[in-house]
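Scroll down for the structure; my scribbles are underneath it.
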Amino acid sequence: GGDFDSRYSQRGVQWAVKQASKTANILKEVSVHTLRHSFATHLLEDGMDILSIKNLLGHESIDTTLVYLQIAQLSTQKLFSPLDTLFSEFGKK
Numbered sequence: 001g002g003d004f005d006s007r008y009s010q011r012g013v014q015w016a017v018k019q020a021s022k023t024a025n026i027l028k029e030v031s032v033h034t035l036r037h038s039f040a041t042h043l044l045e046d047g048m049d050i051l052s053i054k055n056l057l058g059h060e061s062i063d064t065t066l067v068y069l070q071i072a073q074l075s076t077q078k079l080f081s082p083l084d085t086l087f088s089e090f091g092k093k
């Protein structure tokens with residue numbers, strides 16, 4: 001948005017993020033937008049309400065923020081308990 005401190009160019013911040021990801025040996029493509037997405041998704045997963053996240057991100061529409069909710073729900077669907085495997089093995093015997 002327009003509130004960004006002009007001492008930091010957009011290109012400079014993007015370069016810094018790329019360099020940091022290389023230094024950290026992150027193989028996936030990382031961008032400023034990736035960090036913003038991760039920030040919002042983690043806030044949501046940690047229990048912050050969607051309206052507060054909307055305001056933090058500066059979204060005009062809650063619909064834009066709801067995209068993060070869909071991502072968070074998808075990631076929790078992939079979670080499983082080690083007990084799930086134990087009980088499935090137990091049921092086979």
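Everything in the sequence shown is counted per UniProt numbering, starting at 1 for the first residue and increasing by one. For each residue, glycine too, the CB sits at the ideal point set by N, CA and C.
Problem set entry | Glu45 CB to nearest heavy atom of the ligand SAM below 6 Å | In the structure shown, the ligand SAM is absent, as is every other ligand, since no ligand is present at all.
For this session: For Tyr68, name the three-state secondary structure that DSSP assigns.
Result: Note: Tyr68 maps to helix in three-state DSSP.
For this session: Using 10 angstroms around the beta-carbon of Leu44, count the other beta-carbons present and answer buried if the total reaches 16, otherwise exposed.
Result: Label assigned to Leu44: buried.
Exercise. Where does Gly12 sit, in a helix, a strand or coil, going by DSSP?
Worked result: The answer is helix: DSSP assigns Gly12 an H, G or I state.
Exercise. Got a sec? Which residues, its chain only, sit under 8 Å from Gly1 by beta carbon, not counting five neighbours each side?
Worked result: Per-residue confidence for Gly1 stands at a pLDDT of 46, beneath the threshold of 50, marking its modelled position as unreliable; the derived number appears in the next sentence. Cβ contact annotation for Gly1 (same chain, cutoff 8 Å, sequence separation greater than five): Gly58, in chain order.
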